[in-house]
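Undergrad: Following numbering that gives the first Met the number 0, the numbering of the sequence shown begins with 0 at its first residue and continues without gaps. Sharing a structure here in structure tokens format.
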Amino acid sequence: MNTTTEKDEVQRIKEVLDKLRNEGTVLLAYLYGSYAKGNSHLRSDIDIAVYLNSTDEDERIEAIDRILTACDRDIEILFLDDEDESPFVIQEALKGIPLIEPDKDKLYDVNDRVLHESESIRFRRELAYEA
0 MNTTTEKDEV QRIKEVLDKL RNEGTVLLAY LYGSYAKGNS HLRSDIDIAV
50 YLNSTDEDER IEAIDRILTA CDRDIEILFL DDEDESPFVI QEALKGIPLI
100 EPDKDKLYDV NDRVLHESES IRFRRELAYE A
């Protein structure tokens with residue numbers, strides 16, 4: 000993050016995520032991408048990976064809305080609880096900056112799932128390459 004404004008934007012998002020964590024709605028949240036690496040620019044969006052602890056669509060929409068309206072900058076959300084997300088992207092996101100105290104059990108579960116998925120993909124690629 001390069002400026003005070005960027006730090007303020009992330010802080011506002013963090014405050015919303017802290018509230019959602021206390022409510023039990025968000026179990027994991029990481030800042031990744033250009034903001035986490037410190038090389039954001041004027042048009043950079045804020046990349047956040049979150050694990051939403053709800054299958055109720057209305058609850059999920061409300062949580063997402065609260066996150067997206069936390070600041071004026073565009074926010075891109077990667078859903079760690081979505082099994083259709085790329086395991087490779089999730090692994091990178093989890094290397095980012097934690098924005099809330101993570102639920103350790105859920106973090107272990109997500110890491111375990113994406114490790115198995117990514118290894119399975121690598122194995123299938125190797126088999127295809129050898130064929």
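Every residue, glycine too, gets a C-beta built ideally from N, C-alpha and C.
Just to confirm my understanding: we take Phe78, look at its own chain, exclude 5 residues before and 5 after, and list those with CB closer than 7 Å. What are they?
TA: Position 79 of the sequence shown, counted from the first residue, corresponds to residue 78. Cβ neighbours of Phe78 beyond the five flanking positions: Val49, Leu51, Glu84.
Undergrad: Got a sec? Which residues, its chain only, sit under 6 Å from Asp73 by beta carbon, not counting five neighbours each side?
TA: On the sequence shown, residue 73 is found 74 positions in, with the first residue counted as 1. If we look at Asp73 and ignore the five residues flanking it on each side, its Cβ neighbours are Asp44.
Undergrad: Taking the DSSP output, what are the residues bridged to Tyr34?
TA: The count along the sequence shown starts at 1 and reaches residue 34 at position 35. In DSSP, Tyr34 forms no bridge with anything.
Undergrad: Given a threshold of 16 other Cβ atoms within 10 Å of its Cβ, counted over all protein chains shown, does Thr24 qualify as buried or as exposed?
TA: Locating residue 24 in the sequence shown gives position 25, counting from the first residue. Thr24 is buried by the Cβ-count criterion.
Undergrad: Would you call the stretch 91 to 98 in contact with the stretch 25 to 38, where contact means no fewer than 3 C-beta pairs closer than 8 Å?
TA: Touching, yes.
Undergrad: State buried or exposed for Ile120, treating a residue as buried only when at least 16 other CB atoms are found within 10 Å of its CB.
TA: Looking up residue 120 in the sequence shown gives position 121. Per the 10 Å Cβ criterion, exposed.
Undergrad: Name the DSSP bridge partner or partners of Pro97?
TA: As a working note, residue 97 is residue 98 in the sequence shown. Note: Pro97 sits in a beta bridge opposite Tyr29.
Undergrad: Tell me which residues share the same chain as Ala69 and place their Cβ nearer than 7 Å to its Cβ, disregarding the 5 neighbours each side in the sequence.
TA: Locating residue 69 in the sequence shown gives position 70, where the first residue counts as 1. Excluding positions up to five away in sequence, the list reads Arg11, Ile12, Val15.
Undergrad: In angstroms with no decimal places, state the Cα-to-Cα distance between Ile63 and Ile47.
TA: Locating residue 63 in the sequence shown gives position 64, where the first residue counts as 1. Locating residue 47 in the sequence shown gives position 48, where the first residue counts as 1. Looking at the two C-alpha atoms, the distance is approximately 11 Å.
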